[in-house]
Amino acid sequence: MIAYFKERNSFQVPALLFVTLALKLVFIYHPNTETLSQPGGLLSEWLSNDILPGLNPTFVTVVSLLILFLSALFANYLLVSCRMTGRNNLLVALSIILFTSLFPTTNQMSAATLLLPLIIVLFRQITRLYNNAKVRPVIINIGMLTGAGYLLYHPFIWLLPCCFIGLAGMRAFRITEWLLLLLGFITPAYFLLSYEFLSNQWAPKAHLIDWQVYHKFPFTNPYWWAAIAVLAIWILAAVPIWQQQMRRMLIQSRKNWYQLIFMGIFILPMAIFPVGNASEALTLFSFPAASFAANAFTGERTTLSVLFIWLIIAMIGVASWIHFR
-15 MIAYFKERNS FQVPALLFVT LALKLVFIYH PNTETLSQPG GLLSEWLSND
35 ILPGLNPTFV TVVSLLILFL SALFANYLLV SCRMTGRNNL LVALSIILFT
85 SLFPTTNQMS AATLLLPLII VLFRQITRLY NNAKVRPVII NIGMLTGAGY
135 LLYHPFIWLL PCCFIGLAGM RAFRITEWLL LLLGFITPAY FLLSYEFLSN
185 QWAPKAHLID WQVYHKFPFT NPYWWAAIAV LAIWILAAVP IWQQQMRRML
235 IQSRKNWYQL IFMGIFILPM AIFPVGNASE ALTLFSFPAA SFAANAFTGE
285 RTTLSVLFIW LIIAMIGVAS WIHFR
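Numbering (the working numbering), first residue to last: -15 to 309.
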C-alpha cells in the first residue's frame, strides 16, 4: 500500500479517499459528538451550545472526516511546495489519515478539527518569513492568525511562543518586528472587545483563560498506551531517514522542518492544560507529528517496513473496536 503512494499516479487521491473511507467508515456508522473538554473560546462554546445539539450526528461526523481529509491533502501540498518532502508522493497525507485513525476521538467534530487548517496556514506564513523583502504583512498575518485562533479556542495560546521562535529562526532580531507580531496578536481582541462594547455586550473576562488543571494523572486504558507506543515507534523509525534527507536539503527547508518540530512541541501541552483536552490536542498534533512520521515510509521497502505498516493498521483496528464496543 505504501509503495502506491510513494510514486506519482493519477489515481493517488481517489486511492487515498478509499483508504480514508476504509479506516474511518466505523466512525460514520457510530457517530459521537460528545466532548469532555471545556477549553474556552468562542468556537468551542458555539459548537457545544448552539451547533452540534441541533445537527444530525452522522452529518457532523461526515463533515469532520471531510475536514481531516482535505487538511491532509493541504498539508501534503504545503510540505511539497516548501521542498520538505518529495514531489511525487502523498505520504504526508496518508500519515495524517493513519494518525487520526490511530486515536478514534480525533475524528469527532471539535474546535480543534475546524482549526486544523488554520494551524497549517499559520505554518505556511511562518515559512514565508525566510528571505522575504516585504516581511511586515507576513508578520502581521502570523500575529492575527494566532490572536484569532486564541479567541476561537483558548489553548491556541500555546502557539504564540512558537511564532516568536519562528520569527527568531527565520529573521535576524529586530525589535520592531517582534512588537509588530505582538501587535498583530492583540488586534483581533481589540476589534472583538470594541464590538462588544458598542453593542452593549461587554464581557472581557469571558475571553480570559480559565482552565482547570490535573491534580493527579488522568486514568487511561492500556489500549490508549498501546496506541501511544505505536506512535512513538513510528516517529523513532522516521528519525534516521529524516536525518539522511536533512543533509541533502537547502537551509530554508531545514529551518522549515525545525519550525514544524517546534510547533509539535508547543502543541503537546494542550493535552494537559486544560483538563480533558487530549483529543483536541491530538487532532492539532496530527499535522506536525504525522508529517514527521511520514519519513519512516520514504526509505527502501523491506520486510520490516511492511510489518510495521500492518502493525499500525492492526492497532487502528484494535483502537476502533475498543472505542465502540
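Heads up, the beta-carbon is just placed ideally off N, CA and C, and yes, glycines get one too.
Whole-angstrom Cβ separation of residue i and residue j, contact assumed at under 8 angstroms?
i      : j        : result
LEU100 : PHE271   : 7 angstroms
ALA312 : ALA216   : Residue 312 is absent from the structure shown; the chain starts at -15 and stops at 309.
GLY38  : ALA95    : Wrong, their Cβ atoms sit about 17 angstroms apart, outside the cutoff.
SER263 : THR90    : 6 angstroms
ALA56  : ILE81    : 6 angstroms
LEU62  : ILE104   : 6 angstroms
TRP241 : MET68    : 6 angstroms
PRO139 : PRO23    : 5 angstroms
LEU311 : LEU27    : In the structure as shown, the chain starts at -15 and stops at 309, and residue 311 therefore has no counterpart that could be examined.
PHE2   : ILE149   : Actually they are not in contact, since the Cβ atoms of PHE2 and ILE149 sit about 39 angstroms apart, beyond 8 angstroms.
MET154 : LYS239   : 6 angstroms
ILE251 : PHE269   : 5 angstroms
ALA273 : PHE83    : 6 angstroms
ARG285 : ALA(-13) : 6 angstroms
LEU166 : GLY127   : 7 angstroms
Report the residue from the options whose alpha carbon sits nearest the alpha carbon of residue i.
i       : options                        : result
ALA77   : GLN(-4), TRP294, ASN33, ASN125 : GLN(-4)
PRO88   : SER48, ALA56, ASN60            : SER48
LEU144  : LEU106, TRP241, GLU180         : LEU106
MET230  : GLY70, GLY133, ALA132          : GLY70
PRO(-2) : MET128, PHE53, PHE140, LEU9    : PHE53
PRO130  : LYS118, ILE110, LEU7, TYR114   : At residue 130 the sequence reads Thr, which differs from the Pro that was named. The option with the nearest alpha carbon to THR130 is ILE110.
GLN92   : PRO224, LEU9, TYR174           : LEU9
VAL313  : LEU86, ASN(-7), PHE(-11)       : Any question about residue 313 goes unanswered here, given that the chain covers just -15 to 309.
ILE193  : PRO253, TYR134, ILE235, ILE251 : TYR134
TYR174  : ALA132, LEU102, ARG158         : ALA132
LEU327  : ALA156, ILE296, ALA59          : A question about residue 327 goes unanswered here, because the residues of the chain that appear run from -15 up to 309.
TRP195  : ASN261, ALA117, GLN228, ALA156 : ASN261
CYS66   : LEU166, ASN33, ARG112, THR84   : ARG112
ARG(-8) : ILE51, SER32, VAL64, LEU5      : VAL64
ASN72   : PHE(-11), LEU165, SER32        : PHE(-11)
ILE212  : ALA187, LEU266, ALA190         : LEU266
SER237  : SER183, ALA(-13), LEU5, TYR114 : TYR114
THR42   : ILE235, PRO15, ASN33, GLN185   : PRO15
ILE141  : THR282, VAL214, HIS191         : HIS191
LEU136  : LEU0, ALA117, GLU29            : GLU29
VAL119  : SER79, ARG232, TRP162          : TRP162
TYR13   : THR45, LEU31, SER32            : THR45
LEU244  : LEU31, CYS147, ILE51           : CYS147
ALA280  : PHE169, ARG232, THR287, LEU220 : LEU220
THR282  : GLN228, ASN184, TRP186, LEU164 : GLN228
THR0    : ILE170, LEU50, LEU234          : Note on residue identity: the sequence assigns Leu, not Thr, to residue 0. With distances taken between Cα atoms, LEU0 lies closest to LEU50.
ALA156  : ASN116, PRO224, LEU182, GLY248 : ASN116
SER79   : LEU31, ASN33, THR4, PRO253     : THR4
TRP218  : PRO188, LEU182, LEU288         : LEU288
Next item on the list: Quick one: which unbroken alpha helix (DSSP H) runs of 4-plus residues sit fully inside the stretch 80 to 159? Chain order, please.
Entry: 95 to 111, 120 to 136, 144 to 154
Item checked: Three CB pairs or more closer than 8 angstroms across the stretch 122 to 141 and the stretch 285 to 302 -> no
Next item on the list: Report yes or no: do three or more beta-carbon pairs, one from the stretch 205 to 213 and one from the stretch 298 to 307, lie closer than 8 angstroms?
Entry: Touching, yes, given that three or more Cβ pairs across the two stretches are closer than 8 angstroms.
Item checked: Runs of alpha helix (DSSP H) lying entirely within the stretch 257 to 299, each at least 4 residues, in chain order -> 262 to 277
Notebook entry, point to check: Quick one: complete beta strand (DSSP E) runs, 3+ long, within the stretch 37 to 81?
Noted result: Complete beta strand (DSSP E) runs here, min 3: none at all.
Next item on the list: Just list the alpha helix (DSSP H) runs in the stretch 201 to 249, keeping only unbroken ones of 4 residues or longer that don't cross its boundaries, in chain order.
Entry: DSSP runs (the alpha helix (DSSP H)) wholly in the stretch 201 to 249: 206 to 230.
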